[in-house]
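Protein chains in written order, with full-length UniProt numbering: chain A, 1 to 115; chain B, 1 to 247; chain C, 1 to 615. Everything on this sheet refers to the single structure shown next.
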Amino acid sequence: MTLYVYLVAGWLLLVGSLGIVRSRDLVHTVVCLSVAQSGTYVLLIAVGYQRGATAPVFGSTTPPSENVVDPVVQAMTLTDIVVSATVTALLLALVIQIAKRHGTLDPDHLSSLKG
Amino acid sequence: MSRPARLVLFLVAAAGVAALLVVAFLDLPPFGSPFHPYRDRAVAAAVAHATANVVGSVTFDQRGLDTLVEETILLGSVAGAAALLRPSKEERENTTVPEGGRVLEATKLTGYLLLPVTLLVGIDVVVHGHLTPGGGFQGGVLLGTAVHLLYLTGHYRALDRVRPLPVFDSGEALGAAAFAALGIAGIIAAGAFLGNILPFGTFGELLSAGTVPVFNIAVGVEVASGVIVLLAKFLEQALRVQREAVS
Amino acid sequence: MVPSADPAATHLAPLAFTVPIIVACLLLALGRRLPRWAVDGLATTTAAAVAGIDVLLLMAARDGRVVTWAGGWTPVDGTTVGIALVADPLGVGAALIAAILMLCALVFSWRYFDSAEAHLHALMLLFLAGMTGFVLTGDLFNMFVFFELMGAVAYALTGFKIEDPTSVHGALSFGVVNSLGAYLTLCGIGILYARTGELGLAQLAVALRGNPPEALLVTAFVLVLTGWLVKAAMVPFHFWTADAEAVAPTPVCLLFSGIMVALGVYGTFRVYHVVFAPVLPAPGVQCLFLVFGAVTAVVGAVMCFAQRHLKRLLAYSTIAHVGLFLLAFGTLDAAGTEGGALYVAGHAGIKSALFLMSGVILNRYGSVDEIDLHGRGRHAVLLPWLMPLAGLALAGLPPFGLGMGKAVAEEAVATAGGWWAVAVFVLVSAATGGAVIRAALRIYRGTGRAPEASPPGTEETSGTDEEAEVSGLLQRVPLTMLVPIVVLLLGALALGVVPGVSEAFHAAASRFTDGAGYVARTLGAPAPLPAPTAPSGWTLSGVALSLLSSAMALAFALAALHHDRLPATLRAAARPVAPVLRGVRALHSGHVGDYVAWLFVGVAVLGAFLAAGAL
């Protein structure tokens, strides 16, 4: 049972990649890349989880203690999300230009680079 | 490769990768275990620097270098997307945009009501980033998307008026520059790159956590402006940029 | 004894990437208001300033390593929450090469017509910041973040010529494959973090000390390496390389080929020597890089020789040379690393000069297709001499630095791998050099048969549709394009003739392979010096082999140009090669789905290979 959440992370990574391999539309390709990346979010957050621990934010009612989930993986995930969002934007900008230059978004019909 | 060949090749390889992942997962500490050595140190370090939000402390104080680079990725991607979405030789940008279609009055009302609320929440999330969940990035995204409520109410022109793009273009760059400059200020004032240069204050109060709130504001400005510029470039592609009639 | 670092020197490392970031911000904020000369001047000065900082840092790190703790989180009793920047001579040397190449690229692009309101310059400076940070940081997650900065900016730079259909296509393949590689790296980092609770390279090494070589470590090693090796263009992760390098603007190609791919190799071996060397048995890892290096070298060389598109030809030759880098660094000892580092430095000079020459050809004749350009450059003055010379230098001609690196590396791989590895070195250098010489002779001397009417649509990319990068074709080569070419060639020459270069590279390589010393110095413990070994420079056998590969390069070029005059028996012997070549070419399909499938094949094979060796 403890393996389950890690398997979800691995599954997302692989199924996102499968989507890229089977893709017939480049917008779909880019979204699948984000799906694959969401596997890394799940992995990181799962790694930082601790049973019975609270959020790593203290206040007047929650005095500092070490019984909190790992804040480091949360900061890493935040960085990861920024990377994902910005790279997705860049790739979608490229997809717009591909649609204009090639008149198609089907990777099977893009044949400008061969050999 | 043909589609079936590609699929078979991938599935065989992915089975191998899956096996690699599973054997690694079997060796990991069980899910939910209390083994988090970095967490123990990070909590102590955050408390020592009077930062109530430990994630904020890790993001801006303990591992601030990661965040500097992360904000630079944002800067570079927005600049890159802007460069990729510039009008090409045979295109031009229309100065006028088509009037939006009819929008339900209820949608308009919701948009107008939500706009000030979202802006306020965004500012709150940025300013209290070192005390409560949130921070410059989260608040910046809220602020950046808030003004696009105007677009959802059907008024691209209204949106166009409230967000002069050159201002936000510069705002984004200056936010990122402020972050990097704070890093250098750390060298001068604290003897360490990205070092803390302000008094830590009292744990849990608005003025606490040293430089962390300043970093939050710099990032908030950068992210809000970046989101606005990025969405503007995509909206322009859809609404303004047109292929010039071939003469 | 802990060497007491000069406190001023510890501030150099962060400045090396913060300065270009701040200037890039200024360019983005003011770009539309600044005149073009100011944008060029500001960007070029910044690259020069970064090179200056790198030189100062290199001098400070000469006798060891300069460690900087960002945020002032210096470790107490060996533990900390901060990120270390660890500048050792080899890492700083790589940063210096990146800064010098950036300087050349920016000078070359003074005549570049379209900078999109200074966005080109800002992106170039951010790219420099990413490369510099990647080699200076001593933290695995921070490496990933700098890697993503390098990547994101590189995708935008690749697709910068938005009017060119191949440009945006190549950029997308590059972006998807590289991002996926980076996410696999992040998974590896996550697994290591779960196991050890550490992210710093030195801290990871301490936490893993004494660990048996278990399955988790094999998986983590393979996953972390995947991102770096995608960047390094190792077969079968290499498919994006030719697509991206053939279509990016010339100054960008120079950086991709001259240093970016080498940084992938750097990351691979930095992580191995510091974190994994004590826990994964060396013979398995050595064998892995010998095999993958050799395959990469051969595939790259064959594809290189088969190209007619000049920039694709150079891109595949880079893949071939990456294979040789992997062979050299894969010996895992100081001698092989010294040879590999020298080879990388020499290659950076020669290959960058060649890419700039291809840019000059494109902007002068409006094409980069070798066949189409047959004899078009007959009246040119300097390049007809420089280009074949660079081709010979690429094959290892003494006394160029690349040849010295090749000689040192050959000696090291002969010990680690055997004679066959030396044979790979000689043949692959000869094939890539020969392809360049063939193109140079065809374009500038009109050697070989003139082309018939343009061939019908075949399964290859010709270079006739490439868009020029200046407004109107050049009538003569401007000085701003010529000077960088000459400077790069002279730099590569200086590496091979200035006394003391080999000793300096050997000292740097000894530090690089000394993972225990890295860990101790980073965490503030006394570090034993690595046992001194003798540096090797030019040797008699090295010179002989380099002369042999240069002569073979010339022979390959002439044989390709006059293949109709070759003896019939030789031509008959070459006939069975054709279908194999067609098969290999067909694999390079330009289809992003294919590339992702191959990426997973690579990860699975690496894992199986390493598991067989380690467990």
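We put the CB at the ideal spot given by N, CA and C, even for glycine.
Under the three-state reduction of DSSP, C:Leu-180 is assigned to helix. Taken through DSSP and simplified to helix, strand or coil, C:Gln-475 comes out as coil. Beta-bridge annotation (DSSP): A:Gly-52 is not paired with any residue. Using a 10 angstroms sphere on the CB of C:Arg-571, the tally of other CB atoms stays under 16, which defines it as exposed. In this structure, the beta-carbon distance from C:Val-501 to C:Val-360 does not fall below 8 Å.
At a Cβ-Cβ threshold of 8 Å, C:Phe-160 and C:Pro-20 do not count as neighbours.
With its beta carbon less than 8 Å from one in chain A, C:Phe-141 belongs to the interface. Of the residues A:Asp-70, A:Leu-26, A:Leu-12 and A:Tyr-41, the one whose Cα lies closest to the Cα of A:Lys-100 is A:Leu-26. At a beta-carbon threshold of 8 Å, none of the residues of chain B lie near C:His-169; the nearest stands roughly 13 Å away. A buried status is given to C:Pro-14, since no fewer than 16 other beta-carbon atoms sit within 10 Å of its beta-carbon. Neighbours of A:Gly-19 in chain B, taken as residues at a C-beta separation under 9 Å, are lacking, since the least C-beta distance is about 11 Å.
Using a Cβ-Cβ cut-off of 7 Å, B:Ala-42 is close to Pro-71 and Val-72 of chain A, given in chain order.
Ranked by how close their Cα comes to the Cα of C:His-121, the residues C:Thr-45, C:Gly-71, C:Thr-79 and C:Ala-87 have C:Thr-45 in first place. DSSP, read as helix, strand or coil, puts B:Arg-63 in coil. Look at A:Asn-67 here: in three-state DSSP terms it is coil, with no helix or strand label. Per DSSP, C:Thr-132 is one residue of the alpha helix (DSSP H) stretching across 119-136. Beta-bridge partners of B:Gly-32 (DSSP): A:Gln-50. Using beta-carbon distances, B:Leu-21 counts as an interface residue toward chain A, with a partner under 8 Å. Rounded to the nearest whole angstrom, the CA to CA distance from C:Leu-101 to C:Val-23 is 18 Å. In the structure shown, C:Trp-69 adopts extended strand secondary structure according to DSSP, grouped into three states. For the region 55-72 of chain B, residues whose beta-carbon sits nearer than 7 Å to a beta-carbon of chain C comprise Asp-61, Gln-62, Arg-63, Gly-64, Leu-65, Asp-66, Val-69, Glu-70 and Thr-72.
In this structure, DSSP gives B:Arg-157 a helical state, which the three-state scheme calls helix. Against chain B, a Cβ distance below 8 Å from A:Val-5 picks out Phe-31.
In chain order, Ala-395, Gly-396 and Ser-549 place their CB closer than 6 Å to the CB of C:Ser-429, counting only its own chain and leaving out the 5 sequence neighbours on each side. Beta-bridge pairing by DSSP links C:Leu-172 to no other residue. B:Val-212 places its beta carbon less than 8 Å from that of B:His-130.
The criterion of a C-beta distance shorter than 8 Å is satisfied by B:Phe-10 and C:Phe-600. Residue contact with chain B for C:Ala-604: present (Cβ-Cβ distance below 8 Å to some residue of chain B).
If you draw a straight line from the Cα of C:His-321 to the Cα of C:Phe-305, it is about 13 Å long.
By the 16-neighbour rule on beta-carbons within 10 angstroms, C:Asp-63 is exposed. With contacts defined by Cβ atoms closer than 8 Å, A:Gly-19 and A:Val-35 form a contacting pair. In the three-state DSSP reduction, C:Thr-44 falls in the helix class (H, G or I).
DSSP places C:Glu-245 in the uninterrupted alpha helix (DSSP H) bounded by 239-247. Listed in chain order, the non-local C-beta contacts of C:Gly-491 below 6 Å within the same chain comprise Gly-349, local neighbours out to five positions each way being set aside. Inside the region 235-303 of chain C, DSSP marks whole alpha helix (DSSP H) runs of 4 or more residues at positions 239-247, 250-255 and 261-271, from first to last along the chain.
Between C:Ala-262 and the set C:Ala-282, C:Ala-233, C:Pro-576 and C:Val-274, the nearest pair of CA atoms involves C:Ala-233.
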